[in-house]
Amino acid sequence: MYVSPLREPLIRGSKDYSQVTKDILAPMAGKPSKYWYMGITLSGAAALFGAWATFMTVYYGIGTWGLNKTVGWAWDITNFVWWVGIGHAGTFISAILLLFRQKWRTSINRSAEAMTLIAIACAGFFPLIHMGRLLLGFFILPYPNTRALWVNFNSPLLWDVFAITTYLLVSLVFWYIGLIPDLGTVRDKASNKIRKAIYGFLSFGWTGSAKHWSRHETVSLILAGLAAPLVLSVHTIVSFDFATSVIPGWHTTIFPPYFVSGAVFSGFAMVLTLLIVTRKALNLEEYITVGHIENMNKVIIITGSIVGIAYITEFFMAWYSGVEYEQYAFINRATGPYAWAYWIMMTCNVITPQLFWFKKIRTNLVATFIISIFVNIGMWFERFVIVVTSLHRDYLPSSWVMYKPTIVEIGLYVGTLGLFFTLFLLFIRVFPVIAIAEVKSVLKSSGDNKKDSHHE
Amino acid sequence: MNKYITAYYDDEEDLLRGLKQIKAKGIEVADVLTPFPVHGLDKALGMSRSKLTRVAFAGGAVGAIIGFGFQAWVFTQAYPLNFGGKPFFAVPSFIPVTFEMAVLFAAFSMVFAFLISNKIGPGAKTVIHDERITDDRFLLVVNVQDEENAHTIEAVLNDAGAHGITLIKKN
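Protein chains in written order, with my numbering: chain A, 1 to 456; chain B, 457 to 627.
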């Protein structure tokens, strides 16, 4: 296939196949570094804080939260939507970019998909804990029961159950099918018997047969084709949680596209936050190059701009609709008691990503890292603003209240952050962080030595 | 008794070139083991397109029918509930769950079909011919009928530039 000489190579340093194997497996071998231990101690401590908060919630009930009869949803749903959104980047990278034949995804898809799985697990925790009784979580599933009742299939909250469960399961098999050949590599490179047996089991006996590869490619392509509309449907359904209600500020048709692009926006920011650190810590700078970071920054510009336009459109529609409740909801967002949250959201999501129009900034790792954190914060506040400002002052002024989180709610959020980073740190020790076979398949056409080996 | 010859290449372009030569001599290559999917290999080996897509379609269709049918049954037959005067048979609100079920069934049926047709799975016992085929080697497997046949195959493989030609006998 012809590759323009103007194109930046995707993998730096003239490497052969065995060098690729060695480089990518290196972080799994030997003892973890001092920084890894520091990281996991910190994230483990945060996860323990979350465990305490979970205990408090289950033991005393959600009275330990700052919710009241007006604001019945706050940090829990904010965190839920935030985490689901973060998950979307992984699927976007592995599915939608696969369908568009974007070769640069091969260096980042594995870790982004792992991030997706962990993020969905963190997201799923919030609706469950909001029930107060975790053990009765299965009530949301349609199973034959002694009450002879079924769940309400007309409710977006139930669609969420199906969407999130399907999303988690399909992402899991998609990720694992991609992992199988690489687990075969880990198995064949393992030096001791126990390791060999474990990875032999996990690799499902992968042989690398041509027929298996041909089927593997078909499966990956079809799974990508399934995951692409799935990822769009998931955040669409999440937005239905709000859009199908009659609360001012929620009841708008713009929500599905606005939520989906916001999800991809925040997800890419989290991928950047993680990978800028990971590539440095694991010496994978030749695989996850500045070119990869730049490409992701371009996705951030696009999705960030869509989100920005959506904010403005919402405002316009509030005025144009002529509905005074809708108008008040938006004026209250921008000038009311939660205006600070609104302006954090506007600054972080609308202004900061526009800095990526400058090539100097989008190819600068420190700047990218800082902006990615800003986007993460901004997108959290977006959900907080949508949820809390719409609820705390709706139709009945006598019920207007303020909402403040308690230490237990903060603990739950910090706990999921801890869980997320703990699982990610474990992931980089247990599985290859980059799809080895996929990188090898683009090495000839997009490696650094492509020019001298090219003949066609 | 099962006899075959293995030989390897270090590069996929050499492999494809060698494979052409070997096939021109009328020798049937049973399998090629590679560290990554090599483009043009399935054509060179004369493999047909995978039928897994049909499994996915069938799975998706079954999922959609189950999803839609179940919701329709619950709301019209099993326990019709009146939600704010809305119709019992509310097709638009059945769509999200129907879609999710279709995707779930399509994905899982195809993944199981993939594992079954490849005869791989948790704890599967497969023959690993060369531990470097998951690293940087492209291994050919050619089935052998008798001794004489083996010599000609070895000669052809040698001409085609393959390395490490070995005859393997298994009971």
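Glycine is no exception: its CB is placed at the ideal position from the N, C-alpha and C atoms.
Are the CB atoms of F564 of chain B and L489 of chain B within a distance shorter than 9 Å? As a first step, residue 489 of chain B must be located in the second sequence, where it is residue number 33. As a first step, residue 564 of chain B must be located in the second sequence, where it is residue number 108. The answer is no: Cβ separation not under 9 Å.
Starting from Y338 of chain A, follow the alpha helix (DSSP H) in both directions and report where the run begins and ends. As a first step, residue 338 of chain A must be located in the first sequence, where it is residue number 338. First-last for Y338 of chain A: undefined, no H or E at that position.
Let me check understanding here. Comparing Cα to Cα, which of A:N192, A:I11 and A:L272 lies closest to A89 of chain A? In the first sequence, counting from the first residue as 1, residue 89 of chain A sits at position 89. For A89 of chain A, the nearest C-alpha among the options comes from A:L272.
For Y465 of chain B, which beta-bridge partners are listed by DSSP? Counted from its first residue, the second sequence places residue 465 of chain B at position 9. The partner list for Y465 of chain B (beta bridge, DSSP) reads B:F594.
Within 10 angstroms of its Cβ, does G474 of chain B collect 16 or more other Cβ (buried), or is it exposed? Here residue 474 of chain B refers to the residue found at position 18 when the second sequence is read from its first residue. Buried, by the Cβ-count rule.
H216 of chain A classed as buried or exposed, judged by whether at least 16 other C-beta atoms fall within 10 angstroms: Start at 1 with the first residue of the first sequence, and residue 216 of chain A comes out as number 216. The residue in question, H216 of chain A, is buried, as its Cβ has 16 or more Cβ neighbours within 10 Å.
Just to confirm, are N295 of chain A and W104 of chain A a CB contact at a threshold of 9 Å? Stepping through the first sequence from its first residue, residue 295 of chain A is reached at position 295. Stepping through the first sequence from its first residue, residue 104 of chain A is reached at position 104. Closer than 9 Å, so yes.
V20 of chain A versus E438 of chain A - alpha carbon distance: Here residue 20 of chain A refers to the residue found at position 20 when the first sequence is read from its first residue. Here residue 438 of chain A refers to the residue found at position 438 when the first sequence is read from its first residue. The straight-line gap from Cα to Cα measures roughly 11 Å.
For the segment 472 to 543 of chain B, list the beta strand (DSSP E) runs that are entirely contained and at least 3 residues long, ordered along the chain. 487 to 489
Three-state class that DSSP yields for I194 of chain A in the structure shown: As a position in the first sequence, residue 194 of chain A is number 194, starting the count at 1. Note: I194 of chain A maps to helix in three-state DSSP.
Looking only at DSSP bridge pairs, what is H619 of chain B linked to? One-based indexing of the second sequence puts residue 619 of chain B at position 163. In the DSSP output, where bridge partners are listed per residue, H619 of chain B has B:Y464.
State the CB to CB distance for the pair D498 of chain B and S214 of chain A, rounded to an integer number of angstroms; the pair is presumed to be in contact (CB under 8 Å). In the second sequence, the residue the question calls residue 498 of chain B occupies position 42. In the first sequence, the residue the question calls residue 214 of chain A occupies position 214. That belief holds up - the Cβ atoms of D498 of chain B and S214 of chain A are roughly 5 Å apart, short of 8 Å.
So what's V323 of chain A in DSSP terms, helix, strand or just coil? Here residue 323 of chain A corresponds to residue number 323 of the first sequence, with the count starting at 1. Looking at V323 of chain A - three-state DSSP - the assignment turns out to be coil, as it is neither helix nor strand.
Does the Cβ of Y59 of chain A have 16 or more other Cβ atoms within 10 Å, making it buried, or fewer, making it exposed? Your numbering for residue 59 of chain A matches position 59 in the first sequence. That one is exposed.
Which listed residue (A:G124, A:I140, A:W206 and A:W319) has its alpha carbon closest to that of L168 of chain A: Reading the first sequence from its first residue, position 168 is the one you call residue 168 of chain A. Here the closest residue by C-alpha is A:G124.
Simplified DSSP assignment, three categories, for V219 of chain A: Stepping through the first sequence from its first residue, residue 219 of chain A is reached at position 219. DSSP places V219 of chain A in helix when its eight states are reduced to three.
Does the segment 294 to 308 of chain A come close enough to the segment 339 to 355 of chain A that 3 or more CB-CB pairs lie under 8 Å? yes
Chain-order list of residues whose beta-carbon lies under 8 Å from that of H619 of chain B (same chain, five-residue window excluded): Here residue 619 of chain B refers to the residue found at position 163 when the second sequence is read from its first residue. Within the same chain, H619 of chain B has close Cβ partners A463, Y464, Y465 and D466.
Exposed or buried, which one is H455 of chain A when buried takes at least 16 other CB atoms within 10 Å? The residue you call residue 455 of chain A lines up with position 455 of the first sequence. Annotation note: pLDDT 43 at H455 of chain A (below 50); position unreliable, no value reported.
Measure the alpha-carbon distance for G72 of chain A versus L391 of chain A and round it to whole angstroms. Position 72 of the first sequence, counted from the start, is the residue given in the question as residue 72 of chain A. Position 391 of the first sequence, counted from the start, is the residue given in the question as residue 391 of chain A. Computed Cα separation, rounded: 8 Å.
Three-way DSSP call (helix, strand, coil) for K22 of chain A in this model: Start at 1 with the first residue of the first sequence, and residue 22 of chain A comes out as number 22. Note: K22 of chain A maps to helix in three-state DSSP.
Contact set between the segment 516 to 540 of chain B and chain A, restricted to residues whose Cβ is under 7 Å from the partner: Q527, V530, F531, A534, Y535 and F539
Taking just the CA atoms, how far does K280 of chain A sit from E286 of chain A? Numbered from 1 along the first sequence, position 286 holds the residue referred to as residue 286 of chain A. Numbered from 1 along the first sequence, position 280 holds the residue referred to as residue 280 of chain A. Distance between the alpha carbons of E286 of chain A and K280 of chain A: 10 Å.
Quick one: does H216 of chain A have its CB under 9 Å from some CB of chain B? Taking the first residue of the first sequence as position 1, residue 216 of chain A is located at position 216. It does; some Cβ of chain B falls within 9 Å.
Determine the chain A residues that contact G444 of chain B at a beta-carbon separation under 7 Å, and present them in chain order. Since the displayed chain B opens at 457 and closes at 627, residue 444 of chain B lies outside it and no answer follows.
Buried or exposed (CB count within 10 angstroms, at least 16 for buried), M557 of chain B: As a working mapping, residue 557 of chain B is identified with position 101 in the second sequence. That one is buried.
Identify every run of the alpha helix (DSSP H) within the segment 350 to 387 of chain A, keeping only runs that are complete inside it and at least 4 residues long; order them along the chain. 359 to 362 and 365 to 384
So which residues of chain A does K581 of chain B contact, with C-beta pairs closer than 9 Å? Translated into the one-based positions of the second sequence, residue 581 of chain B becomes position 125. Simply G205.
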